[in-house]
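To start, the structure itself, in structure tokens.
2 protein chains.
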Amino acid sequence: MTLTQLRYFVAIVDAGLNITLAAERVHATQPGLSRQIKHLEDELGVKLFNRGQRSLDALTPAGREVLARARRILAEADSIRAFAANERGAIDGRLTVLTTHTQARYVLPEALAAIKRDWPLLSVQIESVGDEEIGGRLERGIADLALVSSATHPPTGGLVVPLFRWRRVLLIRRDDSRFAVGLPPRMTDLARHPLVTYESALRPESSLRRAFSAFGLEPDIAVTARDADLIKTYVRVGLGIGIVAEMAVDPDDPELIVLPAPPEIPECTAYGVLPEQRVARDYTLALLRAIAPHLDRHDLRRAASGAAQPRWPEPPPWSARL
Amino acid sequence: MTLTQLRYFVAIVDAGLNITLAAERVHATQPGLSRQIKHLEDELGVKLFNRGQRSLDALTPAGREVLARARRILAEADSIRAFAANERGAIDGRLTVLTTHTQARYVLPEALAAIKRDWPLLSVQIESVGDEEIGGRLERGIADLALVSSATHPPTGGLVVPLFRWRRVLLIRRDDSRFAVGLPPRMTDLARHPLVTYESALRPESSLRRAFSAFGLEPDIAVTARDADLIKTYVRVGLGIGIVAEMAVDPDDPELIVLPAPPEIPECTAYGVLPEQRVARDYTLALLRAIAPHLDRHDLRRAASGAAQPRWPEPPPWSARL
DNA sequence: CGCGTTTACGTCGTTCGTAACGATA
DNA sequence: TATCGTTACGAACGACGTAAACGCG
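Next up, the structure:
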């Protein structure tokens, strides 16, 4: 049994039992993987895959058992490497972050710039991925950190650290007379106008929709996008009232007025999620602290080293940093 | 990083930082280990040992961290091998049992004979070792099972399974007139005569001593031995009254009378202790069931596979099997 | 001067990639 | 016929053991 064999085995499973694809991902050749799996099966005396004549069909029950343990072994091996890299003060490394466009565009740049000063050779991958996949990606070691926001429950699937709270804001054309004057808009006002907001608002369980339906209202979501920049553009051309995260707005925008959203649209909390049972590189924790400076360095390190999670401090509102 | 490198590293630590000794134990040469450790340190970029000019002095803090993770990796690797061996129904294997002489002499033989029918090629090592060392030996993968008895608290340091309860009995020469007739002996009677019993009774915290001191009595422990056979011999030659485990006695002994010990001498419970987080070979669990047939096979397997420990049934008294 | 670690060297075993083969959809 | 896994072969790399050198007590 070899760490390489286990790595190949896991890669094949993660590639959907496609040895050729797995071989590319581990930077090796297909016959090499095929052979190593054979050796592993021979040594263990157990078939890991159900095979067709010339294809892998499924994991055997034994394969599933071995897979789980192989993942643990590889995670520990990665942890040793990460620990050692921290220990020797390595200035290079990779950091794969799963997050949304808003965080990537408005929150991460400044934070990344800050940690790049200390880790100039750091290579960062930003990846957008559905919430459901996040847990799996962290656990499989494909990602090092996820940034997730929620208005209700904190996420699961890893070590969860609350970073900051944020609210949504309304974007209105300066020449739009409907809301520019008078009292701040209410839910009933919003329900009367076409809205431009994030795609996620289309889901019935989105916090935005639920805020409306709590009043028996149905929002008129005219345009959606993943991207706050796109939303602003659509608002500028008059397609409706924008609802975006406060991090995404410029209060001095010459064309758009920024108004607070009605209080019934709930506040969100942004969380960092770290893979469990895996040592984080120092820059990963530094990135979290760059996003959320109120976090204690030692609390973070302890929690990331497998100690019990501390009672995290209440995350400050985003606006507090202005 | 290689499993071999980690294995060598752990072996060196377990050999007290003596590479030569470690090399013998892993069946390799000393320069081989030295080299692999060097490679490991080079790859990690971290020194694992504080070195004198020509000797290993101590583990570095980083070395301790790597050591802990290396042990987990090796335990998982062993678990994969054990799982696979179970899966393919391997009939060979090694089983190292830590236990006392009494268990080894009077309890294990029958149980081992039973499992040898199904695993004829099984190689069994019986080892006697102090209670303190047991936890470490199990954790370091040097032993697969410990059998421990206690009158008070169940042991710790692994997955603990209660096997049976047992009492101590008195051994008296048939021609000894002091107790052969009349009422069963009481504590005050015992305190008036020289006793022959186990070495462990010399420890002030032994349950035997405490039973006496609860009455304000001090036992006269004339002879001690590790070995019930020796104790019987000394009783036969008239050195005193024997106190041994009931498993060790033959009721039809032509020379010795067996009497129950006073009820103030507490009952003991024999426990099996399995290493945690390590898959047990089937024969290990079969051995436990051979000793304690009341155990449920599936409960055992589940508990040994890392599931939550079930509420184990009350272990039956040893005498119930007669 | 013995003990134990490190370094040097030659051999052997293993793994790798290229290439050819077989089977499948 | 294109795709994917297995088998065959030659080359290169790496690990091992033997032997020698080096420090320390």
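Those protein sequences? They're chains A and B, same order as listed.
Going by the numbering used here, the letters in the first sequence line up with residues -4 to 317, in that order.
Going by the numbering used here, the letters in the second sequence line up with residues -4 to 317, in that order.
Glycine included, every Cβ here is placed at the ideal spot set by N, Cα and C.
Just so we're clear, the structure is a prediction, and the values are computed from it rather than from any experiment.
Chain-order list of residues whose beta-carbon lies under 7 Å from that of Ala70/A (same chain, five-residue window excluded): Gly136, Gln272 and Arg273
Cβ separation of Val143/A and Tyr266/A, assumed to be a contact under 8 Å, to the nearest whole Å: 5 Å
For Trp114/A, the residue or residues it bridges with in DSSP: None, per the DSSP bridge assignment.
Whole-Å CB distance - Leu282/B paired with Leu185/B, under 8 Å assumed: Not a contact, Cβ separation roughly 35 Å.
Own chain partners of Leu36/A with C-beta closer than 7 Å, once the 5 adjacent residues on each side are dropped: What sits at residue 36/A in the sequence shown is Glu, not Leu. Cβ within range, chain order: Lys42 and Leu43.
Residue-chain proximity (Ile75/A, chain B), Cβ-Cβ < 7 Å: yes
Residues of the region 11 to 41 of chain B whose Cβ lies closer than 7 Å to any Cβ of chain A, in chain order: Leu39, Gly40 and Val41
Endpoints, the beta strand (DSSP E) within which Phe44/B is located: Phe44 to Arg46
CB of Arg89/A within 7 Å of CB of Ser50/A, strictly: no
Partner residues on chain A for Leu(-2)/B, Cβ-Cβ distance less than 8 Å: Met(-4), Thr(-3) and Leu(-2)
Supposed contact pair Leu158/B and Ala298/B - C-beta distance, whole angstroms, cut 8 Å: Wrong, their Cβ atoms sit about 14 Å apart, outside the cutoff.
Per-residue DSSP class, three states only, for Val8/A: helix
Interface partners of Val61/A on chain B, CB under 8 Å: Ile75, Phe78 and Ala79
Exposure label - Lys33/A; buried when at least 16 CB within 10 Å: exposed
6 Å Cβ shell around Arg173/B - same chain, five flanking residues per side excluded: none
Reference Arg214/B, options Ile252/B, Ile260/B and Pro249/B, closest by Cα: Here residue 214/B turns out to be Pro, not Arg, going by the sequence shown. It is Ile260/B whose Cα lies nearest to the Cα of Pro214/B.
Length-filtered (4 minimum) alpha helix (DSSP H) runs lying within the region 77 to 164 of chain A: 103 to 113 and 126 to 134
Distance CB(Thr318/B)-CB(Leu197/B) smaller than 7 Å: Missing from the structure shown is residue 318/B; chain B here goes from -4 to 317 and no further.
Where Ala275/A falls: helix, strand or coil (DSSP): coil
According to DSSP, residues forming a beta bridge with Ala72/B: BP columns for Ala72/B are empty, so no partner.
Amino acids of chain A, ordered along the chain, whose beta-carbon sits closer than 7 Å to that of Ile68/B: Ile68, Glu71 and Ala72
Strand pairing of Leu251/A, partner residues [DSSP]: Arg168/A
Neighbourhood of Gln304/A by C-beta distance below 6 Å, restricted to the same chain and skipping five residues each side: Ala298
Three-way DSSP call (helix, strand, coil) for Ala206/A in this model: helix
Strand pairing of Asp215/B, partner residues [DSSP]: Pro189/B
Cutoff 7 Å: Glu82/A Cβ touching any chain B Cβ: yes
Member of Ile7/A, Ile238/A and Pro311/A whose CA lies at the smallest distance from the CA of Ile216/A: Ile238/A
Buried or exposed by the 16-neighbour rule on C-beta atoms within 10 Å, applied to Leu54/A: buried
Chain-ordered neighbours of Ala57/A on chain B, where CB pairs are closer than 9 Å: Phe78, Ala79, Glu82 and Arg83
Neighbour list for Arg64/B in chain A, Cβ cutoff strictly below 9 Å: Glu71, Ala72, Ser74, Ile75, Phe78 and Val274
Close Cβ partners of Val133/A (< 7 Å) along its chain, the five nearest in sequence each way excluded: According to the sequence as given, residue 133/A is Leu; it is not Val. Answer for Leu133/A: Ala141, Gly152, Gly153, Val268 and Pro270, listed in chain order.
Arg76/B to Gly58/B span [Cα, whole Å]: 26 Å
Stretch-stretch touch, CB-based, cutoff 8 Å, three pairs: the region 163 to 170 of chain B with the region 226 to 234 of chain B: yes
Supposed contact pair Thr97/B and Ala256/B - C-beta distance, whole angstroms, cut 8 Å: The Cβ separation is near 15 Å, so there is no contact.
Ile236/B, buried or exposed, once every other Cβ within 10 Å from all chains shown has been counted against 16: buried
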